[in-house]
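Trainee: Quick mapping for you: the protein sequence lines, in order, are chains A and B. Note that the working numbering has the first sequence beginning at 2, numbered continuously upward. Note that the working numbering has the second sequence beginning at 2, numbered continuously upward. Think of the CB as a built atom: it goes at the ideal place given N, C-alpha and C, for glycine as much as any other residue. My questions will all concern the structure given below.
Number of protein chains: 2
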Amino acid sequence: MDNAAPQSPAGLSTTATWLLNQSASHAARLLSEGFAAHDLRGYHYRLLATLAEDGPASQADLGRRCGIDRSDVVAAINDLAGRGLVVRAPDPADRRRNVISATDAGADEARRMGATLERVQADLLAPLSATEREQLTRLLTRLLRHHSGH
Amino acid sequence: MDNAAPQSPAGLSTTATWLLNQSASHAARLLSEGFAAHDLRGYHYRLLATLAEDGPASQADLGRRCGIDRSDVVAAINDLAGRGLVVRAPDPADRRRNVISATDAGADEARRMGATLERVQADLLAPLSATEREQLTRLLTRLLRHHSGH
DNA sequence: GGTGTTACGTTGGTGACTCCAACGTTGGCG
DNA sequence: CGCCAACGTTGGAGTCACCAACGTAACACC
């Protein structure tokens with residue numbers, strides 16, 4: 002018959018780490034599905050959005066701002082550049098660096114993906130009231146702030 | 002100099018999906034480091050804890066309860082069985098099934114890993130008060146409950 | 001009582017995300 | 001000049017999650 006509730010790992014279901022993991026996993030799945038329509042992934046959006054909002058930056062800087070490893074930035078920027086969403090140019094002031102800039106098409110795509118993100122977000126947070134959403138973001142922000150200032 | 006704050010993806014830093022992802026990522030990293038001392042991973046703990054708390058079960062049942070794919074359960078149970086933490090026996094009542102049971106050593110390991118989990122959890126939730134922790138788990142539980150009964 | 005459907009365990013593979021080690025190049029500093 | 005740090009790049013690893021397919025076994029239905 003294969004009944005039984007799908008999710009309920011005994012005593013785990015009350016632990017914050019489990020809940021965080023499951024929630025994030027669910028969010029990531031929704032987001033991944035949403036981004037798939039753009040034929041891009043999470044890394045691409047983070048980079049594109051950062052470029053569109055904060056302007057051109059070096060790859061190392063992008064990695065730092067997006068929380069992506071330098072080596073992973075290379076591949077993602079390769080993808081984006083291959084689609085003309087981004088331009089890679091050597092920095093005349095520092096020949097070690099590449100200056101990455103979003104093209105107009107890149108900025109457009111960033112906007113479209115941003116809209117997708119908001120749709121997913123609304124779906125994800127549907128069961129929570131506005132106050133609760135604010136509560137959640139506040140708690141998580143505190144959590145992260147504490148652990149990044151280690 | 003390579004200065005600049007490590008984490009702050011522009012407008013992303015206020016989105017729930019980003020915060021969830023980062024928090025969970027951080028939690029997973031802490032947990033992974035903690036479990037590494039046992040030379041086991043998250044899958045192993047989920048299975049072992051479920052077995053220790055709920056008693057023997059078939060692999061498919063375990064997968065369902067732990068949110069792990071059947072095919073991934075196979076490998077994890079192989080690992081656990083190889084260490085004598087778990088026993089795999091054919092179910093006489095249904096020859097399709099294997100009945101998985103935790104050995105005494107397995108139950109011990111589950112307890113030890115549980116202790117590790119609690120340590121990590123305390124570390125993770127350090128910046129939050131007891132009330133806030135309860136708030137967080139409540140919000141996340143609501144979130145998950147809503148999306149699993151979809 | 002045969003037939004089709006379903007569940008089971010297993011194998012093998014894919015993809016996203018995160019991280020690490022190493023190399024050659026370039027810039028900055030003492 | 002010599003040393004060290006940062007840069008981009010390559011290559012690899014590991015965890016988690018998911019999917020497709022197979023053969024076997026149980027079950028439901030006619």
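Could you please give the first and the last residue of the uninterrupted beta strand (DSSP E) stretch that includes I69(A)?
Mentor: Counting from one through the first sequence, the residue named residue 69(A) turns up at place 68. Here I69(A) belongs to no beta strand (DSSP E), and DSSP marks it neither H nor E.
Trainee: Which bits of chain B does T104(A) rub up against, with CB to CB less than 8 Å?
Mentor: Along the first sequence, read from residue 1 onward, the residue named residue 104(A) stands at position 103. The contacting residues do not exist; T104(A) stays about 18 Å from chain B at best.
Trainee: If we cut at 8 Å on Cβ distances, does G143(A) have a partner in chain B?
Mentor: Position 142 of the first sequence holds residue 143(A). Reading off the sequence shown, one finds Arg at residue 143(A), where the question assumed Gly. Judged by the 8 Å Cβ criterion, R143(A) is in contact with chain B.
Trainee: Whose C-beta lies closer than 8 Å to the C-beta of D80(A) among residues of the same chain, with five residues either side of it excluded?
Mentor: Locating residue 80(A) in the first sequence gives position 79, where the first residue counts as 1. L41 and H45, listed in sequence order.
Trainee: Give me the chain A residues within the contact set of R96(B), using Cβ-Cβ distance strictly less than 7 Å, ordered along the chain.
Mentor: Indexing the second sequence from 1 puts residue 96(B) at position 95. What R96(B) touches in chain A: nothing, since even the nearest Cβ is about 17 Å away.
Trainee: With DSSP as the reference, please indicate the residues paired to P91(B) in a beta bridge.
Mentor: As a working mapping, residue 91(B) is identified with position 90 in the second sequence. N99(B).
Trainee: Whose Cβ in chain B lies nearer than 8 Å to the Cβ of R134(A)?
Mentor: Numbered from its first residue, the first sequence carries residue 134(A) at position 133. Within 8 Å Cβ-Cβ: A17.
Trainee: Should R113(A) go down as buried or exposed, given a rule of 16 or more other Cβ atoms within 10 Å for buried?
Mentor: Residue mapping note: residue 113(A) aligns to position 112 of the first sequence, counting from 1. Under this definition R113(A) is an exposed residue.
Trainee: By the three-class DSSP mapping on this structure, what secondary structure does S130(B) have?
Mentor: In the second sequence, counting from the first residue as 1, residue 130(B) sits at position 129. Looking at S130(B) - three-state DSSP - the assignment turns out to be coil, as it is neither helix nor strand.
Trainee: Tell me, please, whether the segment 55 to 66 of chain B touches the segment 19 to 38 of chain B by the rule of three or more beta-carbon pairs shorter than 8 Å.
Mentor: With a cut-off of 8 Å, the segment 19 to 38 of chain B and the segment 55 to 66 of chain B do not count as touching, because too few Cβ pairs lie within range.
Trainee: Using alpha carbons as the reference points, say which of R120(A), L86(A) and A131(A) lies closest to G107(A).
Mentor: By one-based count along the first sequence, residue 107(A) stands at place 106. The shortest Cα separation from G107(A) among R120(A), L86(A) and A131(A) belongs to L86(A).
Trainee: In the structure shown, what three-state DSSP assignment does A38(A) receive?
Mentor: Numbered from its first residue, the first sequence carries residue 38(A) at position 37. In the structure shown, A38(A) sits in coil (DSSP, three-state: anything other than H, G, I, E or B).
Trainee: Can you pull the chain A neighbours of V121(B), defined as C-beta to C-beta under 9 Å?
Mentor: Locating residue 121(B) in the second sequence gives position 120, where the first residue counts as 1. Going along chain A in sequence order, the residues near V121(B) (Cβ under 9 Å) are T18.
Trainee: What's the call for R96(A), buried or exposed, on a 16-neighbour Cβ count within 10 Å?
Mentor: Walking along the first sequence from the start, residue 96(A) turns up at place 95. Exposed is the call here.
Trainee: Answer with yes or no whether the minimum CB distance from G12(B) to chain A is below 8 Å.
Mentor: In the second sequence, the residue the question calls residue 12(B) occupies position 11. Yes, G12(B) counts as interfacial toward chain A.
Trainee: Spatial neighbours of L21(B) within its chain, please: C-beta separation below 7 Å, excluding the five flanking residues on both sides.
Mentor: Within the second sequence, numbered from 1, the residue matching residue 21(B) stands at position 20. Nothing meets the Cβ criterion.
Trainee: List the residues of chain B whose Cβ lies closer than 9 Å to the Cβ of T138(A), in chain order.
Mentor: Translated into positions along the first sequence, residue 138(A) becomes position 137. Result: T15, T16, A17 and L20.
Trainee: Taking any Cβ of chain A, which residues in the segment 30 to 64 of chain B have a Cβ under 7 Å from it, in chain order?
Mentor: Those would be L32, R47, A50, T51, E54, D55 and D62, in chain order.
Trainee: Can R139(A) and L129(B) be called in contact, C-beta distance under 8 Å?
Mentor: Numbered from 1 along the first sequence, position 138 holds the residue referred to as residue 139(A). Numbered from 1 along the second sequence, position 128 holds the residue referred to as residue 129(B). No, the Cβ-Cβ distance between R139(A) and L129(B) is not below 8 Å.
Trainee: Taking buried to mean at least 16 other C-beta atoms within 10 Å of its own C-beta, is R47(B) buried or exposed?
Mentor: Within the second sequence, residue 47(B) is the residue found at index 46, counting from 1. Flag for R47(B) reads buried.
Trainee: Beta carbon of E110(A), beta carbon of H39(A): below 8 Å?
Mentor: By one-based count along the first sequence, residue 110(A) stands at place 109. By one-based count along the first sequence, residue 39(A) stands at place 38. Yes, the pair counts as a contact, with Cβ atoms nearer than the cut-off.
Trainee: Exposed or buried, R66(B), counting other C-beta atoms within 10 Å across all chains shown (16 or more means buried)?
Mentor: By 1-based counting over the second sequence, the position of residue 66(B) is 65. Its Cβ being crowded by 16 or more others within 10 Å, R66(B) is buried.
Trainee: Since A77(A) sits in a beta bridge, which residues does DSSP pair it with?
Mentor: Residue mapping note: residue 77(A) aligns to position 76 of the first sequence, counting from 1. A77(A) is not bridged to any residue.
Trainee: 8 Å is my cut-off, CB to CB: does A127(B) come that close to chain A?
Mentor: In the second sequence, the residue the question calls residue 127(B) occupies position 126. Yes, its Cβ sits closer than 8 Å to a Cβ of chain A.
Trainee: So Q136(B) and A17(A) are in contact, right, with Cβ under 8 Å, and what is the actual spacing, rounded?
Mentor: To locate residue 136(B), count along the second sequence from 1; it is residue 135. To locate residue 17(A), count along the first sequence from 1; it is residue 16. With a Cβ gap of about 11 Å, Q136(B) and A17(A) do not count as contacting.
Trainee: T117(B) to D124(B), Cα distance in whole Å?
Mentor: Position 116 of the second sequence, counted from the first residue, corresponds to residue 117(B). Position 123 of the second sequence, counted from the first residue, corresponds to residue 124(B). Computed Cα separation, rounded: 11 Å.
Trainee: Can you name the start and end residues of the alpha helix (DSSP H) that R113(B) belongs to?
Mentor: Locating residue 113(B) in the second sequence gives position 112, counting from the first residue. Per DSSP, R113(B) belongs to the alpha helix (DSSP H) from D105 to L125.
Trainee: Please report whether the beta-carbon of S24(B) lies at a distance below 8 Å from any beta-carbon of chain A.
Mentor: Residue mapping note: residue 24(B) aligns to position 23 of the second sequence, counting from 1. Interface residue, yes.
Trainee: Name the chain B residues whose beta carbon is nearer than 8 Å to that of L118(A)?
Mentor: Taking the first sequence and counting its residues from 1, the one referred to as residue 118(A) is at position 117. In chain order: T16 and T18.
Trainee: Strictly below 8 Å CB to CB, what residues from chain A border A28(B)?
Mentor: In the second sequence, residue 28(B) corresponds to position 27, counting from 1. Chain A residues near A28(B): A17, T18, L21 and N22.
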